[in-house]
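In the numbering used here, the protein residues as written are 1219 to 1520.
Ideal Cβ placement from N, Cα and C applies to all residues, glycine included.
Written out below as structure tokens is the structure these notes cover.
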């Protein structure tokens, strides 16, 4: 029993790494499925557009899905048309772009994984670039090769050229090599940028490493407690239905004010002078604030 608890604790502590690993496996599986089932290079003048669509369209869909599923995204934008001060508070108008950039960096993980895997496989790139008619590129790719290379490059991906088998295979290997080099460049660049942005964020951190670990534990526990929302909704619905069908006055049921809901839904950044660990923590400790003070104290970073 202790071994099971230790294993579960290990999984909980490593859930971020496990989540990214699962996302990577899902991306690899999806790319292979697309390559084997859906992708059929036309081997015509449409190669370039067709290949680019399969290379970038899934990445764009993953980007949109990532935005949809990011809770910070909706905390940031919900109600902003009616209250622009929510995203552009007084004295800190540029904060919105900083926070939106943070959200975008998190959302880009899945699209970058897709591009990396697709380029390492080389199928989509090979089809796309075999249909590119840019003279400079053709001169480089078809250098020291027969005239048929210029005429039948778009058929290389299908193996339907009249070129010699060695020349056709060399072109295929060249296109796949270019694709894999681009894939590794994306991986290395992404890893380097991730390291640099993490280092910059930690260097400018207002709190120590141990306090940040405590903060993350607190945030996780608060989210777990917020899962009790359905219980409150169930109690409220039961109270209303009982009052309706039994035709009697409803029992008192305390609810947060509209302003409290608004305040609790804000994104939050740590303030060393107050040491609140979430928007809800700050709201409970500070109580009600007037609207002007609320506008100037809005933060956007979880």
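Cβ neighbours of residue i in the same chain (closer than 7 Å, five flanking residues each side left out)
i: residue 1390; result: 1344, 1374
i: residue 1364; result: 1381, 1385
i: residue 1378; result: 1261
i: residue 1504; result: none
CA-to-CA distance, residue j to residue i, given in whole angstroms
i: residue 1258; j: residue 1277; result: 19 Å
i: residue 1299; j: residue 1419; result: 30 Å
i: residue 1358; j: residue 1369; result: 15 Å
i: residue 1371; j: residue 1262; result: 9 Å
i: residue 1306; j: residue 1502; result: 24 Å
i: residue 1480; j: residue 1452; result: 22 Å
i: residue 1312; j: residue 1318; result: 10 Å
i: residue 1459; j: residue 1447; result: 18 Å
i: residue 1410; j: residue 1403; result: 10 Å
i: residue 1517; j: residue 1255; result: Residue confidence for residue 1517 is low, a pLDDT of 40 falling below 50, so the modelled location carries little weight and cannot support an answer.
i: residue 1435; j: residue 1493; result: 15 Å
i: residue 1414; j: residue 1242; result: 22 Å
i: residue 1400; j: residue 1383; result: 26 Å
i: residue 1498; j: residue 1429; result: 18 Å
i: residue 1304; j: residue 1282; result: 23 Å
i: residue 1316; j: residue 1297; result: 19 Å
i: residue 1483; j: residue 1290; result: 10 Å
i: residue 1253; j: residue 1362; result: 31 Å
i: residue 1387; j: residue 1356; result: 16 Å
i: residue 1474; j: residue 1302; result: 23 Å
i: residue 1442; j: residue 1463; result: 34 Å
i: residue 1412; j: residue 1320; result: 11 Å
Cβ-Cβ distance between residue i and residue j below 9 Å
i: residue 1376; j: residue 1367; result: no
i: residue 1396; j: residue 1338; result: no
i: residue 1273; j: residue 1336; result: yes
i: residue 1348; j: residue 1440; result: no
i: residue 1330; j: residue 1392; result: no
i: residue 1471; j: residue 1454; result: yes
Assigned exposure category for residue i - 16 Cβ within 10 Å defines buried
i: residue 1423; result: exposed
i: residue 1287; result: exposed
i: residue 1500; result: buried
i: residue 1449; result: exposed
i: residue 1249; result: buried
i: residue 1292; result: exposed
i: residue 1268; result: buried
i: residue 1247; result: exposed
i: residue 1469; result: exposed
i: residue 1476; result: exposed
i: residue 1431; result: exposed
i: residue 1333; result: buried
i: residue 1206; result: With the chain covering only 1219 through 1520, there is no way to say anything about residue 1206.
i: residue 1294; result: buried
i: residue 1354; result: exposed
i: residue 1280; result: buried
i: residue 1416; result: exposed
i: residue 1351; result: exposed
Sequence-distant residues of its chain with Cβ nearer than 8 Å to residue i (five each side left out)
i: residue 1264; result: 1349
i: residue 1284; result: 1324, 1325, 1326, 1327, 1328, 1329
i: residue 1465; result: none
i: residue 1314; result: 1294, 1305, 1306, 1518
i: residue 1467; result: 1461
Other residues of its chain near residue i: CB distance less than 6 Å, five sequence neighbours each side excluded
i: residue 1346; result: 1266, 1269, 1270
i: residue 1322; result: none
i: residue 1405; result: 1334
C-beta neighbour in chain C for residue i, strict 9 Å
i: residue 1432; result: Reference to chain C is not applicable here, since this structure consists of a single protein chain.
Which runs of the alpha helix (DSSP H) spanning at least 4 residues fall entirely within the region 1259 to 1324, listed in chain order? Taking only runs of at least 4 residues, the alpha helix (DSSP H) segments lying wholly in the region 1259 to 1324 are 1265 to 1287, 1289 to 1295.
Taking the runs of the alpha helix (DSSP H) that are 4 residues or longer, which of them lie wholly in the region 1400 to 1468? Annotation: the region 1400 to 1468 contains the following complete segments of the alpha helix (DSSP H) (minimum length 4 residues), in chain order: 1427 to 1444, 1447 to 1463.
Fully enclosed by the region 1330 to 1367, which alpha helix (DSSP H) runs are 4 residues long or longer? Taken in chain order, the unbroken stretches of alpha helix (DSSP H) that lie wholly in the region 1330 to 1367 and span 4 residues or more are 1341 to 1348, 1353 to 1359.
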